[in-house]
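Just below is one structure, and these are the notes that go with it.
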Amino acid sequence: MLTVRFAPSPTGYLHVGGARTALFNWLLAQKHGGKFILRIEDTDRERSKEEYTRQILEDIKWLGLVPFEGPFFQTQRLERYREVAFDLLNKGLAYRCFCSPEKLEEERKRAYKAGKAFKYPGYCANLSEEEIKKRIENGEKFAIRIRMPKNEDLSFEDKVRGKINFSSSEFDDFVILKSDGMPTYNFAVVIDDHDMKVNLVVRGEDHITNTAKQIAIYKILGWEIPEFAHIPLILGPDKKRLSKRHGARAVGEWRREGILPEAMMNFLALLGWSWDDKQQIFTQEELVEKFSLERVSKNPAVFDVDKLIWINSEHLKKKADEEKAELVIPFLVEAGLVESEESIDRAWLIEVIKIVGDRLKKLTDIVAYADFLFKEDEDIIYTSEDAKKAIKGDGVVEVVEEINKVLKELDKWDRTEIEKVIRDKASEHNLGASKPIRAIRYAISAKFVTPGLFESMELLGKIRTINRINKFLEFVKANK
Ligand code: GLU
């Protein structure tokens, strides 16, 4: 049975890179009826935080990547790592190292300055039994290092990148268990992947060298080696390492920004994988059906925020207005525009969704475009600079005043009637309708971009519309 895993370290929030690794693994497990294991690699005591673990689990769940098993926590398996490390020690396949970290750090720096990579020269590789005993009795601390064989072939066949060559001579006797009893990453991963029967490891290309070190450990332990697939790096549009500058954010931030989980999944899938050069929009079911490592590229993937927004808007377009209405409610509550999910008039909200239409590219756009429909009149705040822009042109204020008078008398408050009043008045004054439209748009919303004005006025209702136009006209007079 195919067994894959996602093994994040909780030293930060879940970002696109990690989320993509999780997704690729999950897709493979779904497709082949395999197992997807979630493992939290929390042995870095200083940098790991519970807050990060909580968020990672939440984001994974939000994406819909339900683990078959787990989450497992490495800190709950420390005994097991120690057991294997001491077993290697007893067999002479590993040894105690008493060198002080400070001394080694010194040497590392010196090597670095000389432009060389530091390799542990094996100071403690051949200490006598008596010496070891004496030093332990003296209370000296020790780490455990693996005895790296010489000239052993550590090459492997990568399922994305093909043959990758390594020789054990490239590596030193690295630490597998630190003096505080914590395993190092490369050691714990091997034991976990073995114990959890992981037979395919899919992870970022930045782990290629680690893979060779891990293969060395598998060989020393005599354990079966899983298959490996290294997925490409993710770069910004400028082909530089992905960073905040490129709009890269934690998955949780995208969720709060109003990206749909299915759109995020679609977007992540395309970071290094493609189906053909046409199809860009995929449902979860299609991804499960179509995904394969054969179609994962060796070339770096490019992260493009605009593409994410576009994919999101395409997924939104497929939804019925009723569903969109339900989806935007938490965002309206979050923005303080409605009190609670229950207090909102669903039928009216669906009308709002209709007039916002395809402007809704992410769920927070409801706030950006339609906040004024939810606000109280006193919360519509004008600025004198914008107000001036809004009434630019001769006679605009007078026309708006007249329009307001006619609107007050209007019996049937609907978009067609409202539009007629505005257009008729504008042409009576030989004015393009766009001028009073701009002024009234600003008057009711304190914005220059909104959904269609007449529809907005209809949904805002007669009383609130007229109140706001009055309020605006007073503002204009007071700021002359
Ligand atoms: N904890 C490692 C990381 O977050 C996992 C790498 C792996 O998949 O083995 O980079």
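For the sequence shown, the residue numbers in numbering that gives the first Met the number 0 are 0 to 479.
Glycine included, C-beta positions come from ideal geometry on N, C-alpha and C.
Note that the structure is a prediction, hence the values are computed from the model and not measured.
Backbone CA spacing between residue i and residue j [nearest angstrom]
i	j	result
D86	N265	46 Å
R255	D357	20 Å
R53	A262	22 Å
L153	P260	40 Å
I354	A18	34 Å
A425	K404	14 Å
V351	K391	29 Å
K317	E325	15 Å
V448	D320	21 Å
G257	Y217	44 Å
R240	S99	35 Å
H428	R345	40 Å
F373	L64	35 Å
C96	D171	13 Å
L286	V366	31 Å
W222	K306	44 Å
A28	L62	15 Å
V304	D192	34 Å
K115	E106	11 Å
R294	T42	34 Å
I175	Y94	10 Å
F330	T363	6 Å
G431	D58	51 Å
G451	E375	20 Å
K297	D157	11 Å
V189	E338	51 Å
T464	L409	12 Å
F117	E169	11 Å
I135	K238	52 Å
G251	L315	19 Å
N125	K90	14 Å
L77	S342	51 Å
Contact belief for residue i with residue j at Cβ below 8 Å, rounded distance in angstroms
i	j	result
V332	A228	With a Cβ gap of about 42 Å, V332 and A228 do not count as contacting.
H245	P236	7 Å
V83	F302	Wrong, their Cβ atoms sit about 38 Å apart, outside the cutoff.
L359	K323	7 Å
I417	M456	5 Å
S47	P9	5 Å
G180	R109	Not a contact, Cβ separation roughly 29 Å.
E151	S167	4 Å
L348	D370	Their Cβ separation, rounded to whole angstroms, is 13 Å, which puts L348 and D370 out of contact at 8 Å.
I280	K361	Actually they are not in contact, since the Cβ atoms of I280 and K361 sit about 16 Å apart, beyond 8 Å.
L481	I439	The question about residue 481 has no answer here: the residues shown for the chain are numbered 0 through 479.
I468	V399	7 Å
Same chain, Cβ closer than 6 Å to residue i, neighbours up to 5 away in sequence not counted
i	result
V197	T2, R4, P225
L92	R146, I219
Y381	A445, F474
K461	W412
W272	R294, V295
R414	F453, E454, E457
Y119	D171, D172
A270	Here the sequence assigns Leu to residue 270, which means Ala is not the residue at that position. Same-chain partners within the cutoff: R19, I233, A300.
Any chain B beta carbon closer than 8 Å to residue i
i	result
S433	Protein chains in the displayed structure number just one, and chain B is not present.
Contacts around residue i, its chain only, beta-carbon distance under 7 Å, and the 5 residues preceding and following it disregarded
i	result
G69	I36, L37, R38
F155	I163, T210, I214, F227
E340	I328, V332
L267	V15, A18, R19, L22
F72	I39, D41
T74	D41, T42
A249	Y12, L13, H14
Contact test: residue i Cβ vs the ligand SAH heavy atom, cutoff 7 Å
i	result
S444	Of the ligands one can find in the structure shown, namely the ligand GLU, none is the ligand SAH.
Cβ-based neighbour list, residue i, same chain, cut-off 8 Å, excluding 5 preceding and 5 following
i	result
K177	A142, T183
A386	Y441, F471, F474, V475, N478
L88	Y94, R95, I143
H206	H229
K30	V287, E288, F290, S291
Counterpart residues of residue i in DSSP-defined beta bridges
i	result
E68	I36
P260	In the DSSP output, where bridge partners are listed per residue, P260 has none listed.
H14	Answer is none; H14 lacks a bridge partner.
T2	K34
K162	E156
F474	Answer by DSSP bridge pairing: none, since F474 is not bridged.
V201	A228
P182	L176
Does the count of Cβ pairs from the region 419-438 and the region 382-396 closer than 8 Å reach three? Flag = yes, the region 419-438 and the region 382-396 touch.
Any 3 or more C-beta pairs closer than 8 Å across the region 279-290 and the region 17-33: Flag = yes, the region 279-290 and the region 17-33 touch.
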